[in-house]
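A short worksheet on the structure shown next.
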DNA sequence: ATTCGCGGAGTGAACATTCATTCCGGAAAA
DNA sequence: TTTTCCGGAATGAATGTTCACTCCGCGAAT
């Protein structure tokens, strides 16, 4: 097995176990076993568990940004761009429930808060995209004149909630329901 | 110290520590210390840590239900009732950040998923109230005809998100902002 | 004197991390 | 070609730490 494959195996095993059981019920030993690797080997690729967790987050983040930008038309109307991004994001989560669950774990932990703070002040791939979208909407008076954070909450809050409910099996989101949900989010933020 | 006071002290210490640091960084020893109680004493009041965590959740849940029902006018219009409940809930969270953080921890853990499943199928104090409110809205064609879960997501998702952001210090929610947020939630679910 | 609530040291299990050792592939020596 | 040697990747038992939980002796109350 090539050395980079081993690294991937470890990341994938960590994704599965942490997404399913949470950070604290995913001991290194279990990750190693699922990756078919010795426990010590993990430390040849990652300095410690924290680094592993953070690198995995970064990898997922990048993957998602790439995913939702596929087919993005930067010149379409504000509303169309919003709908595209939101729909793509929701779809991505539905298609990649492990990724979603991992990101949720990450955000609801000390790891996530620091990240979130950064995103709001500095900037970052996909957050930035949404951010300028919303700012543009406010400037054009298409979107309610509320603080960015509140707009984020109105746009993302429901999205994440329905994604979670779908993944936990409380709803079955089909194409129509996805579209209606995204539309409702838009109704929430538009003037 | 009366024996029931001791019980309260333990619950309060657990609330503080778990809200601040999470379940896994709130060891029994620390809870005991903050409650000015021996570690063993905790086990005189709670069979084990899980029981403590669940009882604390129940207590907070009851407190919130009582809180948001204050001043509730069951005969006002659907929209007014929605606004009252949502505003009261958001206010409660803002005024009791520890409660909010605890509940978030709880929901984003194996504990919470079981609870959520119950609420959707069976019924429960405050969830039930919202539930019949939304169902009534759908029946009267005031509210979008979407699955209950999705409506919940649209109504609560943003609320929880802004509460979190306020508590983490990313926004300062004043009365006006609260009202606007609740209004935006209503815009999201109304037809 | 007897009971009872209490404290906190003690216990064993689980965990992240380390490190002495094994293993393997390829280069050098024969 | 065959054998020997070597560097470093991989390993998993050992280590030290942390935790939930137990247990036993103490002091207060009766």
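Residue numbers (our numbering), protein chains in the order written: chain Y, 21 to 211; chain B, 21 to 211. Virtual Cβ for every residue (Gly too), placed ideally from N, Cα, C. Just so we're clear, the structure is a prediction, and the values are computed from it rather than from any experiment.
DSSP beta-bridge partners of residue 57 of chain Y
For residue 57 of chain Y, no pairing in a beta bridge is given by DSSP.
On the three-state DSSP scale, how would you describe residue 202 of chain B?
Correct three-state label for residue 202 of chain B: helix.
Is there a Cβ of chain Y sitting closer than 8 Å to that of residue 73 of chain B, yes or no?
With 8 Å as the cut-off, residue 73 of chain B does not count as an interface residue toward chain Y.
Taking the alpha helix (DSSP H) that residue 93 of chain B belongs to, which residues open and close that run?
Boundaries for residue 93 of chain B: no alpha helix (DSSP H) harbours it, and the DSSP string shows neither H nor E there.
Using a Cβ cut-off of 8 Å (strictly closer), state whether residue 201 of chain Y contacts chain B.
Yes, contact with chain B.
Use the C-beta contact count for residue 70 of chain Y: other C-beta atoms within 10 angstroms, 16 or more gives buried, fewer gives exposed.
Answer is exposed; the Cβ neighbour count stays below 16.
Could you check whether the segment 159–175 of chain Y touches the segment 95–109 of chain Y, counting it as contact only if at least three pairs of C-beta atoms, one from each stretch, sit closer than 8 Å?
The segment 159–175 of chain Y is in contact with the segment 95–109 of chain Y.
Separation of residue 151 of chain Y from residue 143 of chain Y, as counted between CA atoms
Confidence in residue 143 of chain Y is poor, its pLDDT being 48 and thus under 50, which makes the residue's placement unreliable; the coordinate value appears in the next sentence. Using only the alpha carbons, I get a separation of about 9 Å.
Can you tell me whether residue 191 of chain B is helix, strand or coil according to DSSP?
In the three-state reduction of the DSSP assignment, residue 191 of chain B falls in the coil class, being assigned neither a helical nor a strand state.
Taking 8 Å as the threshold (C-beta atoms), are residue 57 of chain Y and residue 100 of chain Y in contact?
For residue 100 of chain Y and residue 57 of chain Y, no; Cβs fall outside 8 Å.
Taking the alpha-carbon positions, what's the residue 133 of chain B to residue 34 of chain Y distance?
Cα to Cα, the separation comes out at about 22 Å.
Any C-beta of chain Y sitting closer than 8 Å to the C-beta of residue 173 of chain B?
Between residue 173 of chain B and chain Y, the shortest Cβ-Cβ separation is below 8 Å.
Decide yes or no for the touch test of the segment 182–192 of chain Y against the segment 184–203 of chain B: beta carbon pairs closer than 8 Å, at least 3 of them.
Inter-segment contact for the segment 182–192 of chain Y and the segment 184–203 of chain B is absent: fewer than three beta-carbon pairs are separated by less than 8 Å.
Proximity below 8 Å, CB of residue 59 of chain B to CB of residue 49 of chain B
Here residue 59 of chain B is near residue 49 of chain B, since their CB atoms are less than 8 Å apart.
Would you say residue 167 of chain B lies against chain Y (beta-carbon separation less than 8 Å)?
At least one chain Y Cβ lies under 8 Å of residue 167 of chain B.
So for residue 210 of chain B, helix, strand or coil by DSSP?
Looking at residue 210 of chain B - three-state DSSP - the assignment turns out to be strand.
With a cut-off of 8 Å, do at least 3 Cβ pairs link the segment 148–164 of chain B to the segment 199–210 of chain B?
Segment contact: the segment 148–164 of chain B against the segment 199–210 of chain B, three or more CB-CB distances shorter than 8 Å; contact assigned.
Sorted by chain position, which residues of the same chain lie with C-beta nearer than 6 Å to residue 157 of chain B's C-beta, five sequence neighbours on each side aside?
Cβ within range, chain order: 98 and 163.
Can you list the residues of chain B that residue 128 of chain Y reaches, using a CB-CB cut of under 8 Å?
Residues of chain B passing the Cβ test: 124, 125 and 128.
Taking Cβ to Cβ, would you say residue 68 of chain B is nearer than 8 Å to residue 131 of chain B?
Not in contact: residue 68 of chain B and residue 131 of chain B (Cβ atoms no closer than 8 Å).
Same chain only: Cβ atoms within 8 Å of residue 26 of chain B, ignoring 5 sequence neighbours per side
Within the same chain, residue 26 of chain B has close Cβ partners 55, 57, 61 and 65.
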